[in-house]
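**Student:** Numbering (the numbering used here), first residue to last: -5 to 146.
Heads up, the beta-carbon is just placed ideally off N, CA and C, and yes, glycines get one too.
As the structure is a computational prediction, the values presented were derived from the model and not from experiment.
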């Protein structure tokens, strides 16, 4: 029984040493980084910039309320909504479409691949594509593409 407790205590001591080494390594990395050299004024400046970006994003998303966007909806003859997509062809880009698809998906946009084409959407409201086209233009230099009606 004494051996059992000795082994448990030895294991705890080893785990404690490993944790101390882990913390010391992370402290050393932080001290050597640029973040540790920031002054409180620089921290507050960064926080205020992040707050401004957040407010800008909130204002951008609250521009259109749901009632306004619901007026842009179109309905098919069978009562289903008409949906829209942007179609991107691999022959137009040097960057693999899979990379663009992953970036768009990580930004919260709906995407799917079919053959050598990337479809962004489908969305019921065409105004969603403003954000997508801005993202494509800023990150990939892709000029605004035509928004086409999705055919099932």
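Rounding to the nearest angstrom, what Cα-Cα distance links residue 26 and residue 16 in this structure?
**Tutor:** If I take the Cα positions, the gap works out to 16 Å.
**Student:** Rank 104, 98 and 48 by C-alpha distance to the C-alpha of residue 134 and give the top, closest one.
**Tutor:** Closest by alpha carbon: 98.
**Student:** Return the Cβ separation of residue 126 and residue 103 in integer angstroms, given the expectation that the two are a contact with Cβ distance under 8 Å.
**Tutor:** With a Cβ gap of about 6 Å, residue 126 and residue 103 count as contacting.
**Student:** Please list the segments of the beta strand (DSSP E) lying wholly inside the segment 67 to 119, counting only runs of 3 or more residues, in order along the chain.
**Tutor:** Here the runs fully enclosed are 78 to 83, 105 to 108 and 111 to 117.
**Student:** According to DSSP, is residue 141 helix, strand or coil?
**Tutor:** Strand at residue 141.
**Student:** If you draw a straight line from the alpha carbon of residue 0 to that of residue 23, how long is it in whole angstroms?
**Tutor:** Rounded to the nearest angstrom, the two C-alpha atoms are 35 Å apart.
**Student:** Quick check on this structure: which residue in 93, 37 and 144 has the alpha carbon closest to the alpha carbon of residue 74?
**Tutor:** That would be 144, whose Cα lies nearest to the Cα of residue 74.
**Student:** If you follow the alpha helix (DSSP H) that residue 26 is part of, which residue opens it and which one closes it?
**Tutor:** From DSSP, the alpha helix (DSSP H) with residue 26 extends over -4 to 26.
**Student:** For residue 120, which option in 78, 89, 86 and 90 has the closest C-alpha, if you only look at C-alpha atoms?
**Tutor:** Cα-wise, what sits closest to residue 120 is 78.
**Student:** Between the alpha carbons of residue 142 and residue 72, how many angstroms are there, rounded?
**Tutor:** Approximately 20 Å, taken between the alpha carbons.
**Student:** I believe residue 136 touches residue 114 by the beta-carbon criterion, under 8 Å. Please report the beta-carbon distance rounded to the nearest angstrom.
**Tutor:** The pair is not a contact, with the Cβ atoms about 11 Å apart (cut-off 8 Å).
**Student:** In three-state DSSP terms, what is residue 136?
**Tutor:** Coil at residue 136, not helix or strand.
**Student:** In the structure shown, what three-state DSSP assignment does residue 56 receive?
**Tutor:** Three-state result, residue 56: coil.
**Student:** Candidates 46, 91, 36 and 117: which alpha carbon is nearest residue 130's?
**Tutor:** The option with the nearest alpha carbon to residue 130 is 91.
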